[in-house]
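Protein chains: 2
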Amino acid sequence: MKKSTAIAALGAMAQETRLDIFRLLVQKGPEGMPAGELGARLGQPSPTMSFHLNQLRFAGLVTSRRESRSIIYSANYKAMNELLTYLTENCCGGRTELCTPAAAVMSGGKPLETETVTPKSSRRLSK
Amino acid sequence: MKKSTAIAALGAMAQETRLDIFRLLVQKGPEGMPAGELGARLGQPSPTMSFHLNQLRFAGLVTSRRESRSIIYSANYKAMNELLTYLTENCCGGRTELCTPAAAVMSGGKPLETETVTPKSSRRLSK
DNA sequence: TTCATAGTTTCATATTTATAGAAATAACGT
DNA sequence: ACGTTATTTCTATAAATATGAAACTATGAA
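Structure representation (structure tokens):
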């Protein structure tokens with residue numbers, strides 16, 4: 001992975017709404033989630049969502065596909081994997097063991113605490 | 001690790017000069033490196049360095065100590081470890097194996113390619 | 001003390017990023 | 001063709017970030 005790619009990915013993750021988006025998509029799996037549902041869950045207006053989704057897309061962290069009226073976004077696990085690899089290789093000075101996440105050791109660790117996201121504006125999901 | 005801490009760390013790394021600084025410090029080890037030498041190696045003026053070093057310090061990624069006239073910065077491996085753990089746990093949806101860096105598997109992998117940093121202004125190091 | 005060195009802080013400026021209303025576009029049902 | 005829904009693009013504005021000159025602070029040496 002090129003340095004510039006890593007910087008783009010880091011910058012994309014370094015923002016609360018985008019980090020929330022990515023976490024939701026990762027939980028959802030390859031099936032993905034439409035932009036509207038993401039916006040409703042995070043309590044963000046659609047232009048704001050569109051902006052952040054674009055940032056994530058340019059950074060290669062999510063992919064999108066149209067499905068009838070909706071546009072479905074999904075997490076790109078490969079990109080996240082490559083980012084973690086980059087950080088591990090480049091920012092742990094050979095001393096890989098010093099920076100290796102605990103989770104990696106116990107393969108099949110705890111199943112991700114689902115710390116529910118609090119929407120800013122309370123808006124209803126799907127009617 | 002709190003979400004806000006992770007965002008601060010990601011933001012700190014998402015900038016070329018700061019990523020370069022961190023990589024140099026990680027390579028150097030706990031001994032650390034004075035601000036001046038970092039600036040000389042990266043070809044950045046001191047106020048710029050001071051600014052970026054502060055960002056890294058606020059994000060908890062580096063520590064500093066005064067040693068006579070110099071101020072020595074060192075990488076905080078623990079912080080980087082925690083960031084990687086956070087990303088692995090929160091952004092890999094339980095599917096830890098999908099995002100686990102290869103480097104973590106082959107413990108004691110390749111010793112970090114030292115891709116030399118090109119200084120912007122060609123300035124001499126140490127006289 | 002005075003001087004040089006190593007760094008920081010202050011400041012002005014330029015650039016980038018974030019937010020959200022209004023308007024435009026796309027896909028579908030009638 | 002028309003209305004509805006889903007999302008984007010355009011636009012404006014506010015806020016955060018990056019840069020470097022100039023001024024300031026701390027340390028050690030002459």
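Here the protein sequences come in this chain order: A and B. Residue 67 in our numbering sits at position 67 of the first sequence, with consecutive numbering throughout. Residue 72 in our numbering sits at position 72 of the second sequence, with consecutive numbering throughout. Using N, Cα and C, we set each Cβ at its ideal position, and we do this for glycine too.
Between Met1(B) and Tyr86(B), the gap from beta carbon to beta carbon is short of 9 Å. In chain order, Ala9, Ala59, Gly60, Leu61 place their CB closer than 8 Å to the CB of Ala79(A), counting only its own chain and leaving out the 5 sequence neighbours on each side.
Closest by C-alpha distance to Ser74(A), out of Pro34(A), Met13(A), Thr88(A), is Pro34(A).
Within chain A, Cys91 have C-beta atoms less than 8 Å from the C-beta of Phe22(B), given in sequence order. The alpha-carbon separation between Phe51(B) and Gly36(B) amounts to approximately 13 Å. Distances from the alpha-carbon of Gly43(B) to those of Ser64(B), Asn54(B), Asp20(B) put Asp20(B) closest. Among the residues of chain A, those whose CB is under 9 Å from the CB of Gln15(B) are Ile7, Leu10, Gly11, following chain order. For the region 58–87 of chain A, the set of residues with a beta-carbon nearer than 8 Å to any beta-carbon of chain B comprises Ala75, Tyr77, Met80, Asn81, Leu83, Leu84, Thr85, Leu87, in chain order.
Here Ser50(A) carries a helix assignment [DSSP, helix/strand/coil].
For Ser4(B), the uninterrupted alpha helix (DSSP H) segment begins and ends at 3–13.
Here the alpha carbons of Thr5(A) and Arg57(A) stand approximately 12 Å from one another. Under the three-state reduction of DSSP, Arg66(A) is assigned to strand. Relative to Ile72(A), the option among Ile7(A), Arg18(A), Asn81(A), Pro30(A) whose CA is nearest is Pro30(A). Contact of Leu56(B) with chain A is not assigned, every C-beta pair being separated by 9 Å or more.
Around the CB of Thr17(B), 16 or more other CB atoms lie within 10 Å, so the residue is classed as buried. DSSP places Ala40(B) in the helix class (H, G or I) of the three-state scheme. For a Cβ distance threshold of 9 Å, nothing in chain B lies close to Lys2(A): the least Cβ distance comes to about 11 Å. No Cβ of chain A is located within less than 9 Å of the beta carbon of Leu38(B). At least one CB of chain A lies nearer than 9 Å to the CB of Leu19(B).
In this structure, Thr88(B) and Leu24(A) do not form a Cβ contact; the two beta carbons are roughly 17 Å apart against a cut-off of 8 Å. Within the same chain, and ignoring the five residues on either side of Gln55(B) in sequence, the residues whose Cβ sits closer than 7 Å to its Cβ are Ala12, Arg18.
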